[in-house]
Amino acid sequence: MPKVPLEELRHVIHPPGKLESRAEHWAGRLYMRSVSLRVTRLALGTRFSPNQITAVMVVAGVLSGVALVLPGLGGAVLSVVFMQLYLLLDCVDGEVARWRRQYSPLGVYLDRLGAYLADAAVMVGMGVRASELGLDPYLVAGLAAAIGVLLLKSSSDLVHVARSDSGMEKATDQSVVPRSTGLARIRRLTSAVGLHRLVNGIECTLLLLVTAVVDLALGDLTATRVVTVGVTAIVWLLVPAHVVSIVASSRLK
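Residue numbers (full-length UniProt numbering): 1 to 253.
What follows is the structure in C-alpha coordinates.
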(Lines of atoms letter the chains of each structure in order from A and count residues from 1; the text may use other names and numbers.)
(Lines give C-alpha, C1' and ligand atoms only; values in the text may rest on other atoms or scores of the structure.)
Protein backbone atom coordinates (compact mmCIF):
# COMPACT_ATOMS: atom_id res chain seq x y z
CA MET A 1 0.00 0.00 0.00
CA PRO A 2 1.24 3.58 -0.70
CA LYS A 3 2.71 5.44 2.24
CA VAL A 4 0.34 7.77 4.05
CA PRO A 5 1.42 11.44 4.05
CA LEU A 6 3.00 12.26 7.41
CA GLU A 7 0.72 15.21 8.12
CA GLU A 8 -2.40 13.18 7.41
CA LEU A 9 -1.09 10.37 9.61
CA ARG A 10 -0.12 12.76 12.41
CA HIS A 11 -3.61 14.31 12.41
CA VAL A 12 -5.17 10.89 13.11
CA ILE A 13 -2.67 9.20 15.42
CA HIS A 14 -1.70 12.33 17.39
CA PRO A 15 -5.12 13.94 17.93
CA PRO A 16 -5.35 17.35 19.65
CA GLY A 17 -4.41 17.10 23.32
CA LYS A 18 -2.69 13.72 22.94
CA LEU A 19 0.87 14.95 23.44
CA GLU A 20 -0.20 17.43 26.13
CA SER A 21 -2.03 14.76 28.12
CA ARG A 22 -0.84 13.98 31.63
CA ALA A 23 -0.55 10.33 30.57
CA GLU A 24 2.00 11.15 27.86
CA HIS A 25 5.57 10.43 28.96
CA TRP A 26 8.05 13.32 28.63
CA ALA A 27 10.21 11.20 26.32
CA GLY A 28 7.24 10.82 23.99
CA ARG A 29 6.77 14.57 23.76
CA LEU A 30 10.51 15.26 23.49
CA TYR A 31 11.52 12.81 20.76
CA MET A 32 9.80 9.41 20.62
CA ARG A 33 6.51 10.51 19.03
CA SER A 34 8.50 12.02 16.15
CA VAL A 35 10.29 8.69 15.69
CA SER A 36 7.17 6.57 16.18
CA LEU A 37 5.28 8.61 13.57
CA ARG A 38 7.68 7.37 10.90
CA VAL A 39 7.91 3.83 12.24
CA THR A 40 4.11 3.66 12.36
CA ARG A 41 3.92 4.70 8.71
CA LEU A 42 6.20 1.79 7.87
CA ALA A 43 4.22 -0.60 10.11
CA LEU A 44 0.99 0.29 8.29
CA GLY A 45 2.46 -1.32 5.18
CA THR A 46 2.81 -4.65 6.99
CA ARG A 47 0.40 -7.26 8.31
CA PHE A 48 1.41 -6.71 11.93
CA SER A 49 -1.60 -6.07 14.16
CA PRO A 50 -1.50 -3.64 17.11
CA ASN A 51 -1.66 -6.58 19.53
CA GLN A 52 1.30 -8.29 17.87
CA ILE A 53 3.32 -5.08 18.17
CA THR A 54 2.31 -4.87 21.84
CA ALA A 55 3.48 -8.45 22.41
CA VAL A 56 6.93 -7.57 21.05
CA MET A 57 6.88 -4.48 23.27
CA VAL A 58 6.33 -6.66 26.36
CA VAL A 59 9.33 -8.84 25.42
CA ALA A 60 11.53 -5.76 24.90
CA GLY A 61 10.54 -4.39 28.32
CA VAL A 62 11.40 -7.64 30.11
CA LEU A 63 14.71 -7.93 28.23
CA SER A 64 15.62 -4.46 29.49
CA GLY A 65 15.65 -5.89 33.01
CA VAL A 66 17.40 -9.11 31.96
CA ALA A 67 20.18 -7.10 30.28
CA LEU A 68 21.13 -5.57 33.62
CA VAL A 69 22.37 -8.99 34.74
CA LEU A 70 25.23 -8.59 32.26
CA PRO A 71 28.20 -7.05 34.12
CA GLY A 72 29.90 -3.80 33.20
CA LEU A 73 28.88 -0.91 30.97
CA GLY A 74 27.61 -3.21 28.21
CA GLY A 75 24.69 -4.49 30.27
CA ALA A 76 23.58 -0.97 31.20
CA VAL A 77 23.77 0.21 27.57
CA LEU A 78 21.82 -2.81 26.36
CA SER A 79 19.19 -2.21 29.04
CA VAL A 80 18.66 1.36 27.82
CA VAL A 81 18.44 0.14 24.20
CA PHE A 82 15.74 -2.40 25.05
CA MET A 83 13.82 0.15 27.16
CA GLN A 84 13.89 2.68 24.33
CA LEU A 85 12.61 -0.04 21.97
CA TYR A 86 9.87 -0.73 24.50
CA LEU A 87 8.92 2.95 24.55
CA LEU A 88 8.93 3.14 20.74
CA LEU A 89 6.67 0.10 20.37
CA ASP A 90 4.42 1.42 23.16
CA CYS A 91 3.83 4.45 20.93
CA VAL A 92 3.55 2.52 17.66
CA ASP A 93 0.97 -0.07 18.80
CA GLY A 94 -1.52 2.61 19.81
CA GLU A 95 -0.86 4.69 16.71
CA VAL A 96 -1.46 1.72 14.40
CA ALA A 97 -4.64 0.93 16.34
CA ARG A 98 -5.91 4.51 15.98
CA TRP A 99 -5.22 4.60 12.25
CA ARG A 100 -6.79 1.21 11.55
CA ARG A 101 -9.46 1.64 14.23
CA GLN A 102 -8.48 -1.73 15.67
CA TYR A 103 -9.32 -1.39 19.35
CA SER A 104 -9.73 -4.30 21.75
CA PRO A 105 -9.74 -5.01 25.50
CA LEU A 106 -6.91 -7.48 24.81
CA GLY A 107 -4.75 -4.64 23.48
CA VAL A 108 -5.39 -2.55 26.60
CA TYR A 109 -4.64 -5.57 28.80
CA LEU A 110 -1.37 -6.38 27.01
CA ASP A 111 -0.30 -2.75 27.16
CA ARG A 112 -0.89 -2.55 30.93
CA LEU A 113 0.76 -5.95 31.45
CA GLY A 114 3.81 -4.77 29.52
CA ALA A 115 4.15 -1.68 31.72
CA TYR A 116 3.97 -3.83 34.86
CA LEU A 117 6.50 -6.39 33.65
CA ALA A 118 8.98 -3.93 32.12
CA ASP A 119 9.35 -1.69 35.17
CA ALA A 120 9.38 -4.65 37.58
CA ALA A 121 12.01 -6.45 35.46
CA VAL A 122 14.25 -3.36 35.56
CA MET A 123 13.98 -3.21 39.36
CA VAL A 124 14.80 -6.92 39.72
CA GLY A 125 17.66 -6.59 37.22
CA MET A 126 18.97 -3.61 39.20
CA GLY A 127 19.06 -5.69 42.38
CA VAL A 128 20.72 -8.68 40.69
CA ARG A 129 23.29 -6.37 39.10
CA ALA A 130 24.17 -4.74 42.42
CA SER A 131 24.38 -8.10 44.20
CA GLU A 132 26.69 -9.70 41.60
CA LEU A 133 24.28 -12.65 41.44
CA GLY A 134 24.51 -13.36 45.16
CA LEU A 135 21.60 -13.43 47.58
CA ASP A 136 22.42 -10.30 49.55
CA PRO A 137 20.61 -7.12 50.71
CA TYR A 138 20.95 -5.49 47.28
CA LEU A 139 19.11 -8.31 45.56
CA VAL A 140 16.43 -8.12 48.24
CA ALA A 141 16.24 -4.35 47.64
CA GLY A 142 15.73 -4.88 43.92
CA LEU A 143 12.96 -7.39 44.55
CA ALA A 144 11.35 -5.04 47.08
CA ALA A 145 11.51 -2.20 44.53
CA ALA A 146 9.83 -4.44 41.95
CA ILE A 147 7.00 -5.24 44.34
CA GLY A 148 6.61 -1.57 45.18
CA VAL A 149 6.46 -0.56 41.51
CA LEU A 150 3.77 -3.16 40.88
CA LEU A 151 1.77 -1.76 43.80
CA LEU A 152 2.13 1.79 42.44
CA LYS A 153 0.88 0.79 39.00
CA SER A 154 -1.90 -1.46 40.26
CA SER A 155 -3.20 1.18 42.67
CA SER A 156 -3.61 3.58 39.74
CA ASP A 157 -5.23 0.99 37.47
CA LEU A 158 -7.60 -0.10 40.22
CA VAL A 159 -9.13 3.38 40.05
CA HIS A 160 -10.28 2.65 36.50
CA VAL A 161 -11.49 -0.80 37.53
CA ALA A 162 -13.44 0.63 40.47
CA ARG A 163 -15.01 3.38 38.33
CA SER A 164 -15.90 0.92 35.57
CA ASP A 165 -17.46 -1.57 37.99
CA SER A 166 -19.46 1.30 39.48
CA GLY A 167 -20.77 2.36 36.07
CA MET A 168 -18.80 5.62 36.09
CA GLU A 169 -16.98 7.29 33.23
CA LYS A 170 -13.18 7.34 32.98
CA ALA A 171 -11.52 9.74 35.42
CA THR A 172 -10.32 13.05 34.01
CA ASP A 173 -6.86 14.59 34.42
CA GLN A 174 -8.36 17.21 36.74
CA SER A 175 -9.76 14.58 39.11
CA VAL A 176 -6.28 13.47 40.23
CA VAL A 177 -5.76 16.69 42.17
CA PRO A 178 -6.40 16.13 45.92
CA ARG A 179 -9.41 17.99 47.30
CA SER A 180 -7.32 19.21 50.24
CA THR A 181 -5.41 22.42 49.43
CA GLY A 182 -2.46 21.27 51.56
CA LEU A 183 -2.23 17.87 49.88
CA ALA A 184 -2.59 19.46 46.47
CA ARG A 185 0.35 21.76 47.26
CA ILE A 186 2.48 18.81 48.42
CA ARG A 187 1.55 16.89 45.27
CA ARG A 188 2.64 19.79 43.05
CA LEU A 189 5.92 20.08 44.95
CA THR A 190 6.76 16.38 44.71
CA SER A 191 5.78 16.37 41.04
CA ALA A 192 8.11 19.30 40.39
CA VAL A 193 11.00 17.51 42.13
CA GLY A 194 10.40 14.49 39.90
CA LEU A 195 11.53 11.70 42.25
CA HIS A 196 8.62 9.58 41.06
CA ARG A 197 10.23 9.37 37.62
CA LEU A 198 13.12 7.31 39.00
CA VAL A 199 10.81 4.32 39.54
CA ASN A 200 9.89 4.31 35.84
CA GLY A 201 11.88 1.87 33.72
CA ILE A 202 12.81 4.50 31.13
CA GLU A 203 14.41 6.91 33.59
CA CYS A 204 15.79 4.15 35.80
CA THR A 205 17.71 2.48 32.93
CA LEU A 206 19.25 5.85 32.02
CA LEU A 207 20.23 6.39 35.67
CA LEU A 208 21.77 2.91 35.83
CA LEU A 209 23.74 3.64 32.67
CA VAL A 210 25.25 6.69 34.43
CA THR A 211 26.04 4.61 37.52
CA ALA A 212 27.68 1.96 35.32
CA VAL A 213 30.05 4.63 34.00
CA VAL A 214 30.81 5.71 37.59
CA ASP A 215 31.32 2.06 38.61
CA LEU A 216 33.75 1.64 35.71
CA ALA A 217 35.74 4.62 36.94
CA LEU A 218 35.72 3.44 40.57
CA GLY A 219 36.39 -0.21 39.76
CA ASP A 220 33.52 -1.53 41.91
CA LEU A 221 29.72 -1.45 42.21
CA THR A 222 29.43 1.34 44.79
CA ALA A 223 27.38 3.67 42.58
CA THR A 224 24.95 0.94 41.49
CA ARG A 225 24.46 -0.20 45.07
CA VAL A 226 23.80 3.34 46.31
CA VAL A 227 21.26 3.88 43.52
CA THR A 228 19.60 0.52 44.22
CA VAL A 229 19.05 1.39 47.88
CA GLY A 230 17.97 4.93 46.96
CA VAL A 231 15.44 3.87 44.33
CA THR A 232 13.99 1.21 46.65
CA ALA A 233 13.57 3.82 49.40
CA ILE A 234 11.86 6.19 46.95
CA VAL A 235 9.50 3.44 45.76
CA TRP A 236 8.35 2.63 49.28
CA LEU A 237 8.01 6.32 50.12
CA LEU A 238 5.77 6.73 47.08
CA VAL A 239 3.53 3.68 47.67
CA PRO A 240 1.61 5.00 50.73
CA ALA A 241 1.76 8.59 49.42
CA HIS A 242 0.21 7.49 46.14
CA VAL A 243 -2.64 5.65 47.84
CA VAL A 244 -3.35 8.68 50.05
CA SER A 245 -3.32 10.90 46.94
CA ILE A 246 -5.89 8.67 45.22
CA VAL A 247 -8.20 8.53 48.23
CA ALA A 248 -7.93 12.29 48.76
CA SER A 249 -8.68 13.13 45.13
CA SER A 250 -11.94 13.08 43.16
CA ARG A 251 -10.98 9.97 41.17
CA LEU A 252 -13.26 7.73 43.22
CA LYS A 253 -16.06 10.26 43.61
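Yeah, the Cβ is synthetic: ideal placement off N, Cα and C, and Gly gets one too.
Boundaries of the alpha helix (DSSP H) in which residue i is found, first to last residue
i, result
"A217", "G201 to L218"
"A23", "Per DSSP, A23 belongs to no alpha helix (DSSP H) and is neither H nor E."
"V235", "T222 to A248"
"E8", "L6 to I13"
Pair within 7 angstroms by beta-carbon distance, residue i and residue j
i, j, result
"P137", "Q102", "no"
"C204", "L198", "yes"
"D151", "V239", "It is worth fixing the name first, because residue 151 is Leu in this sequence and not Asp. Going by C-beta atoms, L151 is nearer than 7 angstroms to V239."
"T40", "V92", "yes"
"A146", "A130", "no"
"L89", "V56", "yes"
"M83", "T228", "no"
"A43", "V96", "yes"
For residue i, the three-state DSSP class (helix, strand or coil)
i, result
"S34", "helix"
"E132", "coil"
"T46", "coil"
"Q102", "coil"
"K18", "coil"
"G194", "coil"
"G114", "helix"
"G167", "coil"
Contacting residues, own chain, Cβ-Cβ under 8 angstroms from residue i (five flanking each side not counted)
i, result
"L87", "H25, A27, G28, M32 and I202"
"V128", "L68, V69, L139 and G142"
"G167", "none"
CB contact below 7 angstroms: residue i versus chain D
i, result
"V214", "Although the question refers to chain D, the structure presented lacks it and comprises just one protein chain."
**Prompt:** Would the segment 3–20 and the segment 73–84 be scored as touching if the rule is three or more Cβ pairs under 8 angstroms?
**Reply:** no
**Prompt:** So does the segment 52–65 actually touch the segment 17–35, counting three or more Cβ pairs closer than 8 angstroms?
**Reply:** no
**Prompt:** Does the segment 88–101 come close enough to the segment 41–56 that 3 or more CB-CB pairs lie under 8 angstroms?
**Reply:** yes
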